[in-house]
Structure formats: structure tokens, C-alpha cells
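Participant: Its first residue numbered 4, the sequence shown is counted upward by one per residue in our numbering.
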Amino acid sequence: MEFSSKLLENAVYEMSQLPGIGKRTALRLVLHLLRQPETQTQHLVKALGQLREDIRFCKKCHSISDIEICDICSNPNRIQDVICVVEDIRDVMAIESTGQYRGLYHVLGGKISPMDGIGPQNLNILSLIEKAKSDSVKELIFALSATMEGDTTNFYIYKQLKQVAIKTSTIARGIGVNDELEYADEVTLGRSIINRIPFENALKSS
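1) So, using beta-carbon positions, are LYS63 and LEU126 closer together than 9 Å?
2) What ranges does the alpha helix (DSSP H) occupy inside the region 53–105, keeping only unbroken runs of at least 4 residues that lie completely in it?
3) Determine the DSSP secondary structure at PHE6, reduced to helix, strand or coil.
4) Taking contact to mean at least 3 C-beta pairs separated by less than 8 Å, is the region 143–152 in contact with the region 109–117?
5) Check GLU12 in the structure and name its three-state DSSP category.
6) Cα-Cα, which of ASP84, ARG199, ASP74 is closest to ASP138?
7) Note down, in chain order, each residue of its chain lying with its Cβ closer than 7 Å to the Cβ of CYS76, except the 5 sequence neighbours on either side.
8) If I follow the unbroken beta strand (DSSP E) through LEU143, where does it start and stop?
9) Nearest CA to the CA of THR173: which residue from GLU203, VAL167, GLN166, TYR159?
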């Protein structure tokens, strides 16, 4: 792809570094921004700058937040002794959109994947184990995607909790194998949360 402007080429290159955006899509987006009023581009730049500078992670659940303790964790109306274990904030948003879950969350920040060099030490697993060992938590719901990495992560956490008196369950397999939670429709995902099964049963059926 030949460019008549180095500035345009640089902008397209940076835009194409985003996931799912190739060079041609990046070019369309950059040209679109150029056609918009300058203030719109400035607002975008400002929003991204503030995101990088001011974003925080909740000290309790590790989800993205504007404040030290996110709105979900600080909500007294949430069920405090049930924790849903998810990969990232996209899964929190997907589950929240169903309106079927009123407990808390724990965001791992990824899944165990030796092929990608991601081990348990790279995820927010230790803090989850510490929560589970406290008397304040009665149930962990594993809500990772139905992939090999998701199942590996679930099993690793389950093994760490073998000696802990806590209920572990997993969402029902209304979510197809290899499907990501964020792409599941709200009804299916909501039913999967409601109809969750003991994690031991999931092991026997796999």
C-alpha cells in the first residue's frame, strides 16, 4: 500500500495495530477521522489519553474501574458470598447484561496458556485463592470460555481449592465449545448462570 503522506502512513500503521483491524480498514478509519470536525478527533485523543493515565483496577475484583473499589464490589445489594470467576471485563459486561446474576466477580486477566507463555503466576489467581479460603465466600462460579485454556484454568483453580470447604460450580454448557462469553446471547448466557452445575459434575462429563 503506497501513501502520499508519511503522516497518513504513520496513522494507518498505528490504527492497524488494533486487534481485528487490517491496513485497509485502518485507512478507512483514518480518512473518516480526517473528514470529521477537528474537535471530534481531539475528543477521541483526549478520551484515550485519559483512559491510559487515569484508569484503575478494582482492588477487590481486578476489573477495570475509575475508582479504587468498583461500583459492583461496593454495592451493598450484591450477594457478597458468591463470586463469578471470569477472564476479563468483557465477560463481566456480558453477564451483567443478562440481569440474572447478583453476586460479585473476580477477573483473572486471562487464561492459563503455556503456548502463549501465560502461567498461573501471570494471572490474578493467588488473590482468588486467598478470597476462597476466607469464611466470607461460599461459592465460586467458573465462567471462563469453553476452550482448552478455559478448562485448564478452571481445573487448576479447582485443584488449589481441594482442601477448602467451598462450593465450586460452572456455568451450564448452553455456551458452545470454543465460544467466548462476550459473544453469547443474553438469554443463553443468563440461563447458563442460573442452571450452573457443580464443577465435579463437569469433570465427570468431560
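Here a beta-carbon is modelled for each residue, glycine too, at the ideal position from N, C-alpha and C.
Facilitator: Checking against the coordinates, here is how it stands:
1) no
2) 92–99
3) coil
4) Cβ pair count under 8 Å is three or more, so yes.
5) helix
6) ASP84
7) CYS61, LYS63, CYS64, LEU107
8) 142–145
9) GLU203
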